[in-house]
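Numbering (my numbering), first residue to last: 110 to 581.
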Amino acid sequence: MGPPGALNHFGSGIAGLSAALGAARNGASVTLATKATQPEGASTWWAQGGIAVARTAPEQFKEDIAVASSGTSDPEALDVLVQNADAAVRDVLIETLGVDFDTGGNGASFDFGREAAHSEDRILHVDASTGRHIHEPFLNHLAGHDRVEICGDTAAIELLEHDERVHGAVLESDGTVQPHYAGATILATGGIGALYSRSTNPGGSTGDGIAMAHRAGAATADMEFVQFHPTVCVADGDPFLVSEAVRGEGAVLRAAEGERFMPAVHEDAELAPRDVVARAVEQEHHRTGRVVLDVSSFDFAGIFPDLAAMCAEHGVDPSTGIPVVPAEHFLCGGVDVDTHGRTSLDRLYAVGECARTGVHGANRLASTSLLEGLVWGLRAGTDAAGHEPTEREGAVSTSPGSAPSEEFLQDSYERLQRTMDEHVGLRRTPEGLRDALSALRALKINVDAYAGLGAPRAVHPVVATDDLRTCP
Ligand SMILES: Cc1cc2nc3c(=O)[nH]c(=O)nc-3n(C[C@H](O)[C@H](O)[C@H](O)COP(=O)(O)OP(=O)(O)OC[C@H]3O[C@@H](n4cnc5c(N)ncnc54)[C@H](O)[C@@H]3O)c2cc1C
């Protein structure tokens, strides 16, 4: 039957890695399948500004998150996030992984940064490329862990659900499709940015975990709460994010004629919550044709060498202002979970950006997503570790999985992105959403028909007796 407490984890961003660590520390054996072929396939790798901690003012931290969400965040989820923040960061990131967060000089104390809508300096960072400095040591740590097996280039495509319990998933690797059973399954598949033509997320952010959970019958929530980052540079068509930390340092937004517009929009001007800044940037871009981030008031290259290098790579001269537009950045909603990442289906967990914990409500405060993935990942992994695969009568069926042509897929994908851009972007109307719904329904019928989803389904036993812990 395989080792007790064998778990399936899907996704190798901070949430999936934290869940794997939490589970392995509690004695479980973990198969971590990720469709990424390299670390850059996870949003985690791209995170810039950093990870927020509570320091000595937890109530103020909660208050800032709640205010940024316009009072829509869930107080219980906020308590869990903030009460566990500092201990999780210290334990995992500093003591286990040895992440070398920037210090204020002489190695004395951390150089806590501040970003938009934070009322305190509380963000740990490594330059403006914090994500990769967390992600790479985390991957290396787990790659050497004797209870964790990482299967790269392996995608989960469908959950094995029977009687509202999830027994594993169907995995695809190198053209081979096969069921993979587990005592519990943790989805950590990240966001949905790639459903839009303009996003900060890597191309694999296609919402797979949310789609699989929904198809298996799990509840989702707050899917309408999509965050658009206000300052994304698309000068050469390849978007890159210009972190809020740059505005925290004093950069200002200017419209085409050089005029500042944020002071008239919000009392915190450029440091107003993301949704406020994003809408203003879009409006000014629409009105004047161009918005730039003016970084001339400080030593941009000295303080943000990584961003300066990125500008150079994309042919942008920061001394003339960095051209910016809003772009899809983060999904606040997702698979509905409790404070341990448990979904509405037995033995199915969801963590990180694919989950809706309630922390962010309708709008996320900067630098709280890595923290949410870390805290919920550890909690879900720990909770799931006790589950052993159980024998049950019955069978689960999955779709036959015939592959449509590349041309059909590309065409369908472009139609999907066009619909999302046009009707489900920063500004929406009831009529536009109705149009989007019809367009997406028509697209789904087409894709289902082409992919043979109506055809007879493959049938698998509820639990197989082969080894539960090997990559397919
Ligand atoms: C440019 C950028 C800057 C950011 N800056 C910050 C910041 O400074 N601070 C902050 O807190 N947040 C930041 N964020 C947000 C934050 O990085 C993400 O929300 C967070 O990293 C999400 O972590 P995750 O583990 O949920 O998902 P991800 O890190 O996106 O990982 C998802 C993983 O799932 C895998 N996957 C997807 N589908 C499947 C499938 N079907 N089967 C198997 N594997 C699958 C992917 O390959 C990937 O490995 C930033 C995001 C971006 C894009």
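Glycine is no exception: its CB is placed at the ideal position from the N, C-alpha and C atoms. Note that the structure is predicted; figures quoted are calculated from it, not measured.
| query | Which of helix, strand or coil does DSSP assign to Glu270? | reply | On the sequence shown, residue 270 is found 161 positions in, with the first residue counted as 1. Residue state, collapsed to three classes: strand.
| Beta-carbon proximity of Thr294 to Asn117, cut-off 7 Å | Within the sequence shown, residue 294 is the residue found at index 185, counting from 1. Within the sequence shown, residue 117 is the residue found at index 8, counting from 1. Yes, the pair counts as a contact, with Cβ atoms nearer than the cut-off.
| query | Helix, strand or coil for Thr574 per DSSP? | reply | Here residue 574 refers to the residue found at position 465 when the sequence shown is read from its first residue. Only weak support is given to the placement of Thr574: the predicted model assigns it a pLDDT of 45, under 50, and the value that follows is read from those uncertain coordinates. In the structure shown, Thr574 sits in coil (DSSP, three-state: anything other than H, G, I, E or B).
| message | Please report the straight-line C-alpha distance between Ala328 and Thr538, rounded to a whole angstrom. | response | Along the sequence shown, one-based indexing puts residue 328 at 219. Along the sequence shown, one-based indexing puts residue 538 at 429. Roughly 25 Å between the two C-alpha positions.
| query | Name the DSSP beta bridge partners of Asp445, please? | reply | Within the sequence shown, residue 445 is the residue found at index 336, counting from 1. Its beta-bridge partners are Arg465.
| Tell me, which residues are paired with Thr181 by DSSP? | Counting from 1 along the sequence shown, the entry for residue 181 is found at position 72. DSSP, once it has assigned bridges, lists no residue as partnering Thr181.
| request: Give me the Cβ distance between Val484 and Val189, rounded to the nearest whole Å; I'm assuming they're in contact under 8 Å. | output: Translated into the one-based positions of the sequence shown, residue 484 becomes position 375. Translated into the one-based positions of the sequence shown, residue 189 becomes position 80. Right, the Cβ-Cβ distance comes to about 7 Å (below 8 Å), so this counts as a contact.
| said: Given 6 Å as the limit, tell me if Phe370 has its C-beta closer than that to any heavy atom belonging to ligand 1. | reply: If you number the sequence shown from 1, residue 370 lands on position 261. Incorrect: Phe370 has no Cβ contact closer than 6 Å to ligand 1.
| For Thr143 versus Gly120, is the C-beta distance shorter than 7 Å? | Here residue 143 is taken as the residue at index 34 of the sequence shown, counted from 1. Here residue 120 is taken as the residue at index 11 of the sequence shown, counted from 1. In this structure, Gly120 lies closer than 7 Å to Thr143 by Cβ.
| Element boundaries [beta strand (DSSP E), containing Gln336] | Taking the sequence shown and counting its residues from 1, one reaches residue 336 at position 227. Its beta strand (DSSP E) spans residues 335–342.
| field | Beta-carbon contacts of Ala124 that lie in its chain and below 6 Å, excluding the five residues immediately before and after | value | For the purposes of this step, residue 124 is taken as the residue at position 15 of the sequence shown. Within the same chain, Ala124 has close Cβ partners Ala297, Val460, Gly461, Gly482, Gly486.
| query | Looking only at C-alpha atoms, which of Asn310, Gly150, Ser521 sits nearest to Asp262? | reply | Position 153 of the sequence shown holds residue 262. Out of Asn310, Gly150, Ser521, Gly150 has the C-alpha closest to the C-alpha of Asp262.
| field | Residues near Phe219 by beta carbon distance below 8 Å, same chain, minus five either side | value | Taking the sequence shown and counting its residues from 1, the one referred to as residue 219 is at position 110. Closer than 8 Å at the Cβ level, and outside the excluded window around Phe219, lie Phe210, Asp211, Thr212, Gly213, Leu233.
| request: Report the option in Ala354, Arg223, Gln192, Leu206 whose CA atom is closest to the CA atom of Ser243. | output: Taking the first residue of the sequence shown as 1, we reach residue 243 at position 134. Looking at the sequence shown, residue 243 is not Ser but Ile. Selected option, being the one with the closest Cα: Leu206.
| request: Tell me whether Gln287 is buried or exposed, calling it buried when 16 or more other Cβ atoms sit within 10 Å of its Cβ. | output: Taking the first residue of the sequence shown as 1, we reach residue 287 at position 178. It is exposed - the Cβ of Gln287 has fewer than 16 other Cβ atoms within 10 Å.
| request: Closer than 6 Å by C-beta to Thr448: which residues in its own chain qualify, once you throw out the five before and the five after it? Chain order, please. | output: For the purposes of this step, residue 448 is taken as residue 339 along the sequence shown, with counting starting at 1. Answer for Thr448: Val189, listed in chain order.
| query | Per DSSP, what kind of secondary structure is Phe409 in: helix, strand or coil? | reply | Residue mapping note: residue 409 aligns to position 300 of the sequence shown, counting from 1. Looking at Phe409 - three-state DSSP - the assignment turns out to be helix.
| task | Give the C-beta separation of Glu353 and Ala156 to the nearest angstrom, bearing in mind that I take them to be a contact with Cβ-Cβ under 8 Å. | result | By 1-based counting over the sequence shown, the position of residue 353 is 244. By 1-based counting over the sequence shown, the position of residue 156 is 47. About 12 Å separates the two Cβ atoms, so there is no contact after all.
| Quick one: does the C-beta of Ile123 sit closer than 6 Å to a heavy atom of ligand 1? | Translated into the one-based positions of the sequence shown, residue 123 becomes position 14. Flag set: Cβ of Ile123 near ligand 1.
| query | Going straight from the alpha carbon of Ala54 to that of Phe337, what length do you get? | reply | Residue 54 lies beyond the residue range present for the chain, which begins at 110 and ends at 581; the question has no answer from this structure.
| field | Nearest-angstrom Cβ-Cβ length linking Val434 and His395, presumed shorter than 8 Å | value | Residue numbering aside, residue 434 sits at position 325 when the sequence shown is read from its first letter. Residue numbering aside, residue 395 sits at position 286 when the sequence shown is read from its first letter. Not really, about 10 Å apart at Cβ, beyond 8 Å.
| field | Beta-carbon proximity of Pro82 to Asn472, cut-off 7 Å | value | Residue 82 lies beyond the residue range present for the chain, which begins at 110 and ends at 581; the question has no answer from this structure.
| task | Mark Pro184 as exposed unless 16 or more other C-beta atoms lie within 10 angstroms of its C-beta, in which case mark it buried. | result | Counting from one through the sequence shown, the residue named residue 184 turns up at place 75. Exposed is the call here.
| Among residues of its own chain, excluding the 5 on either side of Ala177, which ones have a beta-carbon nearer than 6 Å to its beta-carbon? | On the sequence shown, position 68 is the one that residue 177 refers to. Excluding residues within five positions, the ones whose Cβ falls inside 6 Å are Ala226, Pro382, Asn472, Leu474.
| Just to confirm, does Glu462 get its C-beta within under 6 Å of one of the non-hydrogen atoms of ligand 1? | Within the sequence shown, residue 462 is the residue found at index 353, counting from 1. Checking every heavy atom of ligand 1 against the Cβ of Glu462, one is found closer than 6 Å.
| Cβ neighbour criterion (16 or more within 10 Å) applied to Arg465 | Against the sequence shown, residue 465 aligns to sequence position 356. Flag for Arg465 reads buried.
| field | Met110 - DSSP class collapsed to helix/strand/coil | value | Walking along the sequence shown from the start, residue 110 turns up at place 1. With a pLDDT of 35 at Met110, under the threshold of 50, the predicted position of this residue should be treated as unreliable, though the coordinate-derived value follows. In this structure, Met110 counts as coil in the three-state DSSP scheme.
| request: Counting only the same chain and skipping the five closest in sequence on each side, list residues whose C-beta sits under 8 Å from that of Asp377. | output: Walking along the sequence shown from the start, residue 377 turns up at place 268. Excluding sequence neighbours, Asp377 sits near Ala225, Ala226.
| query | Would the segment 359–372 and the segment 401–415 be scored as touching if the rule is three or more Cβ pairs under 8 Å? | reply | yes
| Using the beta-carbon count (16 or more within 10 Å), is Ala128 buried or exposed? | Taking the sequence shown and counting its residues from 1, the one referred to as residue 128 is at position 19. Buried is the call here.
| message | I'd like to confirm something about Thr309: is its beta-carbon nearer than 6 Å to some heavy atom of ligand 1, or not? | response | Position 200 of the sequence shown, counting from 1, holds the residue named residue 309. Result yes, Cβ under 6 Å from ligand 1.
| query | How would you call Gly424, buried or exposed, if buried means at least 16 neighbouring beta carbons within 10 angstroms? | reply | Position 315 of the sequence shown, counted from the first residue, corresponds to residue 424. Gly424 should be labelled exposed.
| Would Ser514 be called buried (16 or more neighbouring beta carbons within 10 Å of its own) or exposed? | Translated into the one-based positions of the sequence shown, residue 514 becomes position 405. With fewer than 16 Cβ atoms within 10 Å of its Cβ, Ser514 is classed as exposed.
| task | Report yes if the C-beta distance between Phe221 and Arg231 is below 7 Å; otherwise report no. | result | Reading the sequence shown from its first residue, position 112 is the one you call residue 221. Reading the sequence shown from its first residue, position 122 is the one you call residue 231. For Phe221 and Arg231, yes; Cβs fall inside 7 Å.
| task | Evaluate the contact criterion for the segment 317–336 versus the segment 427–443: three or more CB pairs, one atom per stretch, below 8 Å. | result | yes
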